[in-house]
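Everything below concerns the one structure shown next.
Residue numbers (the working numbering): 1483 to 1673.
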């Protein structure tokens, strides 16, 4: 791996850990120490603390995009398309507790302006909206705001798995299926 890229990733990972632990109180010096780099070299990668925090959002968004934003198979029924998304979201949150904690923190305690947050997660939001818009247009889901339904699914999955992780060591296939079924039931059309 390119040494510069490796150092940048170390800095972002250290910043993510410290942001979750300390919020905006994490100093650039603490990030540098955690990343094992000189404080001055942080500014070679990020001209300000804001730029570094934005990069943490962007890195997380890219990871989420890789998992959730996939080509939509329009030969499948809407229920199957949305459940594939829901299962991918469940896996995203369950498989990496640290990433789940970072996502939970950054979405609940926004450290950047709303417009920047929307931009960082824009591809994920657009993909979710497309799934929901198409399903709503065909009557497969309720005629509610697709933005709200997408947010409901994501928030429900994150919160449910946060509490499940506290009380259970594993996520059984049965629990995973039940969570997916509850997500679908929350948005499915009554017809």
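No residue lacks a Cβ here, since even glycine has one placed at the ideal position from N, Cα and C. The model shown is predicted, which means the values in this text are computed figures rather than measured ones.
Inset, instruction - Measure how close the beta-carbons of residue 1606 and residue 1551 come, nearest whole angstrom, since I'm counting them as under 8 Å. - result: In the chain shown, counting from the first residue as 1, residue 1606 sits at position 124. In the chain shown, counting from the first residue as 1, residue 1551 sits at position 69. Yes, they are in contact, since the Cβ atoms of residue 1606 and residue 1551 sit about 6 Å apart, within 8 Å.
Legend entry - Three-pair Cβ contact test at 8 Å for the region 1578-1590 versus the region 1635-1645: yes
Inset, instruction - Look at the alpha carbon of residue 1527 and the alpha carbon of residue 1490, and state the distance between them as a whole number of angstroms. - result: The residue you call residue 1527 lines up with position 45 of the chain shown. The residue you call residue 1490 lines up with position 8 of the chain shown. Cα to Cα, residue 1527 sits roughly 7 Å from residue 1490.
Legend entry - C-beta contact flag for residue 1492 and residue 1517 at 7 Å: Locating residue 1492 in the chain shown gives position 10, counting from the first residue. Locating residue 1517 in the chain shown gives position 35, counting from the first residue. It is a contact, given that the beta carbons lie within the stated cut-off.
Inset, instruction - Ignoring anything shorter than 4 residues or poking outside the region 1527-1602, list the alpha helix (DSSP H) runs there in chain order. - result: 1531-1550, 1560-1577, 1579-1590 and 1596-1602
Inset, instruction - Assign residue 1520 to one of three DSSP states: helix, strand, or coil. - result: Position 38 of the chain shown, counted from the first residue, corresponds to residue 1520. Residue state, collapsed to three classes: coil.
Inset, instruction - May I have the straight-line CA-CA distance separating residue 1537 from residue 1672, to the nearest angstrom? - result: Start at 1 with the first residue of the chain shown, and residue 1537 comes out as number 55. Start at 1 with the first residue of the chain shown, and residue 1672 comes out as number 190. Cα to Cα, residue 1537 sits roughly 42 Å from residue 1672.
Inset, instruction - Drop a sphere of 10 angstroms on the beta-carbon of residue 1628, count the other beta-carbons inside from all chains shown, and report buried for 16 or more, exposed for fewer. - result: Counting from 1 along the chain shown, the entry for residue 1628 is found at position 146. Classification for residue 1628: buried.
Inset, instruction - Find out if the Cβ-Cβ distance for the pair residue 1623, residue 1669 is shorter than 7 Å. - result: The residue given as residue 1623 occupies position 141 in the chain shown. The residue given as residue 1669 occupies position 187 in the chain shown. Yes.
Inset, instruction - Please state if the CB of residue 1572 and the CB of residue 1658 are separated by a distance shorter than 7 Å. - result: Reading the chain shown from its first residue, position 176 is the one you call residue 1658. Reading the chain shown from its first residue, position 90 is the one you call residue 1572. Yes, these two residues count as a Cβ contact at 7 Å.
Inset, instruction - Just grab the DSSP bridge partners of residue 1623 for me. - result: In the chain shown, residue 1623 corresponds to position 141, counting from 1. According to DSSP, which records beta bridges pairwise, residue 1623 is partnered with 1670.
Inset, instruction - Please go through the same chain and pick out, in chain order, the residues whose beta-carbon is closer than 7 Å to the beta-carbon of residue 1574, but skip the five residues on each side of it. - result: To locate residue 1574, count along the chain shown from 1; it is residue 92. Answer for residue 1574: 1546, 1549 and 1550, listed in chain order.
Legend entry - N- and C-terminal bounds of the alpha helix (DSSP H) containing residue 1652: Taking the chain shown and counting its residues from 1, the one referred to as residue 1652 is at position 170. Element bounds for residue 1652: n/a, residue is neither H nor E.
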